[in-house]
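Right, one structure below, let's go through it.
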Amino acid sequence: KNSKKSSLETASSYPVQLRIEDDHVVVDNGLVKVTFSSPGGMITGIEYNGIDNILEETNKESNRGYWDVVWTELGHPQDTYDKLEGTRFKIIMEDEDQVEISFTKHWYPSRNGTGIPLNVDKRFVVLRGYTGFYAYGIFERLAGWRGIKIYQGRIAFKLRQDSFRYMAVSDERQRIMPTAQDRERGEPLQYPEAVLLTNPSNAFLKGEVDDKYQYSSENKDNCVHGWICSKPSVGFWMITPSTEFRTAGPVKQDLTSHAGPVTLSMFFSTHYAGEQLGLEFSDGEPWKKVFGPVFVYLNSVSKDEDPLTLWADAKEQMSIETESWPYDFPLSEDYLFNDQRGMVSGRLLVRDRYINQELITANSAYVGLAPPGDVGSWQTENKGYQFWTQADVQGYFRIKGVLPGNYSLYAWVPGIIGDYKYNVYIEVTPGKATRLGVLEYSPPRNGPTLWEIGIPDRSAAEFYIPDPNPTLMNQLYVKPNTEKFRQYGLWDRYTDLYPDNDLIYTLGLSNYQTDWFFAHVNRLVGNRTYIPTTWQILFDLKDIDQTGDYTLQLALASATTAELQVRINDPNAERPHFTTGLIGKDNAIARHGIHGLNWLYSVYISGSHLQTGTNTIFLTQPRGGSPFKGIMYDYIRLEQPPQTN
C-alpha cells in the first residue's frame, strides 16, 4: 500500500501487537493504541501522542466510538435505535504488519428473533507504521427474514470535550466550536438541533447560532473532516476514500462533524432526501453490502508548529487514501480487490439543435454506474453500489474500480437540463474494460428559448440568498465567497423582504441573482402563522403562434411537503393550468441545504392561452402552516413551439 511513511523510523519498525483481555481487545502499533470492548466491538479508547484517550472518557464505553442504525418493522412506525453490539469476537489476521479483527452480531429467526433482522460483521484493521485504523462493515439479510426499513447507518465518534475545540470540514468551513455544555445553556430555536448560544464558555461565540446541519456536505466533497486539539497539537480525522458504498449519488448531502465534539461517517440516511431514502426490505428479501473501509487518521505537530497545518496534512492523507482505492489489505471475502473489479469508459456528447447544430461536448458531466432503474433513479437508489466520475472538458470519462454486476449508466451535465440514461444495461466483469464509445444525450427541448431564469445545475445557489437576521448568525458564513445559504432562519427573511406583496420577476428588467429569492417559502403573518405565496413572472410577447404549444420547463432543486401550481394570465383561475401535486420530503429549507432531490416538469401551454404584450405566469405554493414547506427552483425556461426549419 503506497502510503505516507512514518517519520518515526522506530515506530514504523514497531510490530503491530494484539492483546486480549477479559472484556477488551487492544491493538497497538507503537504509534496508536486502540481499545475495543469485546465481544461488543465498541471503540472505547484511542491512545495517541501522549493523550491517553482521544475519546470522551466520562461517556459510557458504549458511547465513545460505535456503529449504529435506526430501523423499524414494516407496518410498525416505531423507530428503534441499535448500536449493533457484537456477540462474538474473532481474530481474522495477526502478524507484525497487520491485525484485522471482527465483531459479529447474528440474527436467529428460530429464537423468535428480537432486534434487527440483520447479520453484522464489524471489522477493524491496524497496519504497521500508520497513525490510525480502518473500519468497515458487512451487513447481510438472508432470504426468508421479515421485512424492515433502515433509515440510517453510520459510525460515530465522541471526542474529549476538554481538548477538541477546533473543527474543519473544508478549506472554507473551519472554526472554533461551542461545547456541548454551551448548547445546553443556550436557547433552542425552531427545532432542537439549532441553538442560540446565550452564555458560551468562550465569550467570542455569544449570540451565534449552532446547528449540526450547517456543516453538511455532498457525498462527492465529504472525503475528510474532523477536529484539532491545540495542546498537544493533535488532529482526529474521518477519511472516506470512496463514495461507492454511500447512497443516492454524488450530490446527496449528509452530516460530517458537529459540536459535541462529534465526528461521523455517514453511510446512508434520509437527510436532504426524505424517507424514500430509507432502505426498505420486503419480507424474505435477501441483501448484502460492504460499507467502508473508512480511515480514522490521527496526526500531530510539535508545539512550535501551527496546529492548522494538521488540516493540510489530513487533506494530503485523504488524497493518498483515495489514490490507494480499492485497498489491497481488507480480508473479508466480500471486499473485492482491484483485479476483481472492472472499468467502463466512453464519451458523452449533447444534442440540442436549438443551442448548436453540432454536437456539444458534455463538459464536466457527472457520469455514474448505479443499479438498473429509470432515468434519474440513482438519486433515490440506496441498496447497491454507485460509481461516479466527472467527465473532462471534451466529455471523456473513465470509471475505475467497479464491482462486478449489472448496471445502468447515468449522467447529467452542468448547464443542461434533465438526466441521461444509456439505454443498454452494462455488465461489468472482473479485470475487463468496457468501452462504450460515443454516447449522445438529447435533453428535454421542444423549441427555441424565449427566456430563462437561473442555471440548470440541480441547485438554487445562483439565486438571491439574503443576509441572515443579525441576531441569528453563524460567523463562519458571513465572509464573502462562503456558503451563505447555510445560515439559520433565511426562510423568514422572505417575509422581511416581501412583507405585504409577493415576488414579481420581470423578464428584461429583473436579475435572477438579486431578484429571485432562493426558496419559494410561506409568509409569516404574526403569531407564528405561515400563509401560502404566489410569485409572478412577467414577460412580453409580440408574435404568438395561436395553434402551437409553448413549453415551460420547470426544474426544481428541492421540495418539502409542497405543491407547485402554475396559472397563465389569470391568478384567480379555479383550476391551475398545471400542478405538481403534493411532492417532496427533503427538508432542505430547514436543513440549510441549497438543494434536495431534483424534479423536472415540462408544462405545455397552448398559444391560445397567451396574449400579445405582457403575459404573467403565476407560481403558487398553496400549502401553508409551516416555514419549512416550500420549493427551491433550479431553472425555468419558456420555449417557443417547435421550429420546422
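Adding 126 to a residue's 1-based position in the sequence shown gives its number in our numbering.
Quick reminder that beta carbons are idealized off the backbone N, C-alpha and C, glycines included.
No experiment lies behind these values; they were computed from the predicted model shown.
Apply the 10 Å Cβ neighbour rule to residue i and answer buried if 16 or more other Cβ atoms are within range, or exposed otherwise.
i	result
Y234	exposed
Q92	Residue coverage of the chain in this structure runs from 127 to 771, which leaves residue 92 outside it and unanswerable.
K127	With a pLDDT of 37 at K127, under the threshold of 50, the modelled position of this residue cannot be trusted, and the question is left open.
P376	buried
L723	buried
V252	buried
H342	The amino acid at residue 342 is misidentified as His; the sequence shows Ser. Per the 10 Å Cβ criterion, buried.
P243	buried
K284	buried
H202	exposed
S585	buried
E637	Correcting the residue type first, residue 637 is Asn in the shown sequence and not Glu. So N637 ends up on the exposed side.
I657	exposed
G652	exposed
V550	exposed
Q483	exposed
Q769	exposed
I172	buried
F250	buried
Q639	exposed
K131	Reliability fails at K131, whose pLDDT of 36 lies under 50, so the model's placement of it is uncertain and the value that follows must be treated cautiously. It is exposed - the Cβ of K131 has fewer than 16 other Cβ atoms within 10 Å.
S133	Here the model assigns S133 a pLDDT of 40, short of 50, so the residue's position is not dependable, and the following value carries that caveat. Label assigned to S133: exposed.
Q402	exposed
Y398	buried
Which stretch, first to last residue, makes up the beta strand (DSSP E) that contains residue i?
i	result
L682	D675 to A688
T373	Careful: T373 lies outside any beta strand (DSSP E) and carries neither H nor E.
Y533	G531 to W538
D641	That residue, D641, is in no beta strand (DSSP E); its alpha helix (DSSP H) goes Y638 to D641.
S732	W725 to S732
Y480	First-last for Y480: undefined, no H or E at that position.
Y192	G191 to E199
I365	V360 to I365
D666	T659 to L667
V651	Taken as a continuous stretch (DSSP letters only), V651 belongs to no beta strand (DSSP E), as it is neither H nor E.
S236	No beta strand (DSSP E) holds S236; DSSP gives it neither H nor E.
V350	V350 to C355
K526	Y522 to V528
A496	Y492 to A496
D760	G756 to E765
Q672	Q672 -> no beta strand (DSSP E), and no H or E assigned at all.
Please list the terminal residues of the continuous alpha helix (DSSP H) segment that includes residue i.
i	result
W437	T435 to E449
L623	R619 to L623
R612	Counting along the chain, R612 falls outside any alpha helix (DSSP H), and DSSP gives it neither H nor E.
A90	Since the displayed the chain opens at 127 and closes at 771, residue 90 lies outside it and no answer follows.
Thinking residue i and residue j are a contact (beta carbons under 8 Å), I'd like their distance in whole angstroms, please.
i	j	result
D675	P767	6 Å
V539	V476	6 Å
A385	R309	6 Å
Q287	P433	Contact flag wrong, Cβ pair sits at about 18 Å.
V360	S426	5 Å
L474	V493	6 Å
D121	R267	This structure cannot settle anything about residue 121, because the visible part of the chain is limited to 127 through 771.
M599	E182	Incorrect: roughly 29 Å between the Cβ atoms, too far for contact.
T677	S734	The Cβ separation is near 15 Å, so there is no contact.
T170	E187	4 Å
E370	I274	No, E370 and I274 are not in contact; Cβ-Cβ is about 24 Å, not under 8 Å.
P498	D760	Not quite, the Cβ-Cβ distance comes to about 26 Å (not below 8 Å), so this is no contact.
P358	I177	7 Å
Q679	T746	The pair is not a contact, with the Cβ atoms about 18 Å apart (cut-off 8 Å).
W577	L535	W577 to L535, Cβ: 33 Å. No contact.
A587	A537	Rounded, the Cβ-Cβ distance is 21 Å, inconsistent with contact.
**Message:** Three or more C-beta pairs under 8 Å: does that hold for the stretch 388-399 against the stretch 444-451?
**Reply:** no
**Prompt:** Hey, is the stretch 676-691 in contact with the stretch 723-741, meaning 3+ C-beta pairs nearer than 8 Å?
**Reply:** yes
**Prompt:** Are at least three pairs of beta-carbons, each pair with one atom in the stretch 346-355 and one in the stretch 321-329, less than 8 Å apart?
**Reply:** no
**Contained beta strand (DSSP E) runs [length at least 3] in the stretch 145-170, N- to C-terminal order** = Counting whole runs of 3 or more residues, the stretch 145-170 contains the beta strand (DSSP E) stretches 150-154 and 158-163.
**Item:** Sufficient close CB pairs (3 or more, under 8 Å) joining the stretch 301-315 to the stretch 402-409
**Value:** no
**Message:** Give the list of continuous beta strand (DSSP E) stretches no shorter than 3 residues that lie fully inside the stretch 385-421.
**Reply:** Taking only runs of at least 3 residues, the beta strand (DSSP E) segments lying wholly in the stretch 385-421 are 388-394 and 405-407.
**Prompt:** How do the stretch 157-169 and the stretch 209-223 stand: do at least 3 beta-carbon pairs fall below 8 Å, yes or no?
**Reply:** yes
**Request:** Note down, one range per segment and in chain order, each beta strand (DSSP E) of at least 3 residues found wholly within the stretch 277-307.
**Result:** 290-294 and 300-302
**Prompt:** Does the pairing of the stretch 654-673 with the stretch 707-716 give three or more beta-carbon distances under 8 Å?
**Reply:** Flag = no, the stretch 654-673 and the stretch 707-716 do not touch.
**Prompt:** Is the stretch 657-668 touching the stretch 747-758, taking contact as three or more C-beta pairs under 8 Å?
**Reply:** yes
**Request:** Determine contact between the stretch 417-426 and the stretch 357-374, defined as no fewer than three beta-carbon pairs at a distance below 8 Å.
**Result:** yes
**Message:** For the pair the stretch 700-709 and the stretch 611-626, tell me if three or more CB-CB distances fall below 8 Å.
**Reply:** no
**Message:** Going residue by residue through the stretch 239-263, where are the continuous beta strand (DSSP E) segments of at least 3 residues, counting only ones entirely within it?
**Reply:** 245-253
**Meets three-Cβ-pair contact criterion under 8 Å: the stretch 547-563 and the stretch 453-470** = With three or more CB-CB distances shorter than 8 Å, the stretch 547-563 counts as touching the stretch 453-470.
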